[in-house]
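Here is the structure we will look at, set down as structure tokens.
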Amino acid sequence: MSLAKSPWIIHVNCNSCNGCDIELVACLTPLYDAERFGLLNIGTPKQADIMVVTGSVNYKNVNVLKNIYNQIPDPKVVLAVGACASTGGIFHDCYNVVGGADQIIPVDAYVPGCTPRPEAIIDGVVAALSILENKKKGNIRGKEVKLTGKEVPSNA
Amino acid sequence: MDMNSVLTVVLVLIGAPIIGCLASGIDRRITARLQGRVGPPILQPYYDVRKLLSKDNMIVNESQNFYVVVYLIFIILSLLMLVFKADILMIVFVYTVASIALIVGGMSTGSPFARVGSSREIMAILSYEPVLLLYALAIYLLTGTFKLSAVLDASTPVLMYTPLIFIAMLVVLNIKLKKSPFDYSTSHHAHQELVKGMLTEYSGPGFAIIEIAHFYEYVFLTGLIFLFWAANPLIGALIAIVAYLLVIVIDNITARVYWQWMLKLSWTFLLAISIVNIAFLYFSGVKIV
Chain E
36 MSLAKSPWII HVNCNSCNGC DIELVACLTP LYDAERFGLL NIGTPKQADI
86 MVVTGSVNYK NVNVLKNIYN QIPDPKVVLA VGACASTGGI FHDCYNVVGG
136 ADQIIPVDAY VPGCTPRPEA IIDGVVAALS ILENKKKGNI RGKEVKLTGK
186 EVPSNA
Chain B
6 MDMNSVLTVV LVLIGAPIIG CLASGIDRRI TARLQGRVGP PILQPYYDVR
56 KLLSKDNMIV NESQNFYVVV YLIFIILSLL MLVFKADILM IVFVYTVASI
106 ALIVGGMSTG SPFARVGSSR EIMAILSYEP VLLLYALAIY LLTGTFKLSA
156 VLDASTPVLM YTPLIFIAML VVLNIKLKKS PFDYSTSHHA HQELVKGMLT
206 EYSGPGFAII EIAHFYEYVF LTGLIFLFWA ANPLIGALIA IVAYLLVIVI
256 DNITARVYWQ WMLKLSWTFL LAISIVNIAF LYFSGVKIV
């Protein structure tokens, strides 16, 4: 239970349109007040437990995403918020888009919607918390995602 | 060392973090209420520390952990010296070593955010240290010794003759607790420009130890305020609590300022009122013992 009582999230914006970001920040406002569950939006990946990804991954930021994922100490979970982070969304067949976050890093929970409501995001965090607890119990560690340098599309 | 002092040490080592943890929890609760939120439970800082202890310690270099431990030890040492009524001047120096350890730790990581935070913390030390030393000097002028036992034995409270230094010490409390408007070396709220300031590269147990040291620091700093009315411990504790609550309110109603602003405030206004107070003590020659 020690992890579930103070989930600290780090918010990674991969090319999001800002819709999901605003809804995520809305979770911390007085109306939803996610801090009453101990949830904090933390600035550095080194102190985070839950990585919240918004937006579809593209070739410019894929290494940034991997880098931040590698810097979060175990146990950690990844939460994909919104249609774009889950599947690529309406950008899925853009020339510069890789796809959802799960194409690059292991995603543990998805929050669908464009954009998801703050209630749905809090729901997603709660779902991620039980996964976090299981990871701690089973001592499941996140694999280091290798950086490949300059990512380019296969048909470039 | 007799049995009694061993008991006191144990009591301080166990009791201080509990009080500090509750103070930190109350701080977060009051902050939430002032913002129209429900806020986390009072024990939230304890949950945070327990979680951090169960996480991995991801470090940049080995020395980083060493500086964290030095920080904790010197904070505890300064608190113990305060409890054992030691030399106030020595307490100030020991406390400075603790602050320096955190700065060197931040600098050693090489992260640009940690460097910015560390250099800002150096500026904070530059601005509060003179006031702290003048506070020690005021105690010397009033009692004829730097030993705190004289302050505690005196029948007249220190505050009677040092109201201006008291005002300066309230600002020092604000700077040292890293509360707004002086929360620019490390802050919960400055994600965009500072990430986490000089604590950016700490994680898991290392960060938990810093949090625990902060709990001790809360008690130590309010202890310095307590000395202003040590003649009556009840009033002294009340003044310390009110000062702490005042800092929380100031934290919530002000915005972060430039470090230049704090340096100007400290080296003009705070230093001036402290020196006026010292001059009064020196020329009037009042003693409280």
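In order, the protein sequences belong to chains E and B.
Quick note, in the working numbering, the first sequence goes up one by one and the last residue is 191.
Quick note, in the working numbering, the second sequence goes up one by one and the last residue is 294.
Note that beta-carbon positions come from the ideal geometry of N, C-alpha and C, so glycine has one too.
Judged by their CB atoms, Gly25/B and His219/B are nearer to each other than the 8 angstroms cut-off. Secondary structure in the stretch 200-234 of chain B: the alpha helix (DSSP H) runs of 4 residues or longer, each lying completely within the stretch, are 209-231 in chain order. Here Leu114/E is actually not in contact with Val92/E; their C-beta atoms are around 15 angstroms apart, not less than 8 angstroms. Within 10 angstroms of the beta-carbon of Lys95/E lie fewer than 16 other beta-carbons, which makes it exposed. For Leu85/B and Val17/B, the gap between their C-alpha atoms comes out near 7 angstroms. By the rule that beta-carbons nearer than 8 angstroms mark a contact, Thr161/B does not touch chain E. Taking a beta-carbon distance threshold of 8 angstroms, Gln69/B does not count as an interface residue toward chain E. Residues of chain E with a Cβ closer than 8 angstroms to the Cβ of Val254/B do not exist; the shortest Cβ-Cβ separation is about 18 angstroms.
The residue from Ile45/E, Ala69/E, Trp43/E, Cys52/E with its alpha-carbon nearest to that of Glu154/E is Ala69/E. Closest in alpha carbon position to Ile80/B, among Ser104/B, Ile64/B, Asn70/B, Ile93/B, is Ser104/B. As DSSP reads the structure, Leu75/E sits in a beta bridge with Trp43/E. Annotated three-state conformation of Ala260/B is coil, per DSSP. In summary, the residues of the stretch 201-213 of chain B whose CB is separated from some CB of chain E by less than 7 angstroms are Lys201, Thr205, Glu206, Tyr207, Ser208, Gly209, Phe212, in the order they occur in the chain. With contacts defined by Cβ atoms closer than 8 angstroms, Gly211/B and Phe118/B do not form a contacting pair. Secondary structure at Thr64/E: coil, using DSSP grouped into helix, strand and coil. Here DSSP, grouped into helix, strand and coil, assigns Thr101/B to helix. Checking the DSSP bridge columns, you'll see Thr89/E partnered with Asn48/E, Val116/E.
Rounded to the nearest whole angstrom, the C-alpha separation of Ser132/B and Leu229/B is 17 angstroms. Linking Asp61/B to Lys170/E through their CA atoms gives a straight-line distance of about 13 angstroms. Comparing C-alpha distances from Ile140/E to each of Pro80/E, Gly123/E, Glu179/E, Lys81/E shows the shortest one belongs to Glu179/E. Between the C-alpha atoms of Ile127/B and Tyr140/B there is a straight-line separation of about 20 angstroms. Leu268/B and Ala129/B have their C-alpha atoms roughly 8 angstroms apart. The Cβ atoms of Asp143/E and Val116/E lie no closer than 8 angstroms to each other.
At a cut-off of 8 angstroms between C-beta atoms, Lys178/E does not count as an interface residue with respect to chain B. For Lys152/B, not one C-beta of chain E is nearer than 8 angstroms to its own C-beta.
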